[in-house]
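Peer 1: In this text, residue positions in the sequence shown follow my numbering: the first is 21, and each later residue adds one. We put the CB at the ideal spot given by N, CA and C, even for glycine. Quick caveat, the model's predicted, so the values are computed rather than measured.
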Amino acid sequence: MDKFEQMMKNVKGMSPEELVAAEEKFKGMCNCPGCPTHNKCAKNAKELLFCITGKSFMCISEDKGCICPSCPVAAEFGLKYKSFCLKGAEKAQRYEHALWGTKMV
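(1) Go to C88, then tell me how far its alpha helix (DSSP H) extends in each direction, as first and last residue.
(2) With H, G and I counted as helix, E and B as strand and the rest as coil, what does DSSP make of E96?
(3) Closer than 8 Å is the cut-off here; do at least three beta carbon pairs connect the stretch 111-120 with the stretch 79-97?
(4) Alpha helix (DSSP H) containing H58: first to last residue?
(5) Please classify K66: does DSSP put it in a helix, a strand, or coil?
Structure below.
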């Protein structure tokens, strides 16, 4: 079990209050606002933590560069993937790669 899998296992055992506190902690560590791809729409919509929450809902559609690998949240969770705002959360990307391998359909 890698670091991300262990963190997800730990999350399952958290109370709702603990989940809210953890989310706030990770929002404070998140470097999405400093990313060239994070735009004004995403800022106004307060979209953050794409690595956990998934793709941008309506704001981000163009890759202008990715700083996910340098994010403290990525290090904390042991994330393997990047471009979460466009490709989906770590969990989703791991699932897709498990199904399709490195060649995405």
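Peer 2: In short:
(1) No alpha helix (DSSP H) contains C88, which DSSP labels as neither H nor E.
(2) helix
(3) no
(4) First-last for H58: undefined, no H or E at that position.
(5) coil
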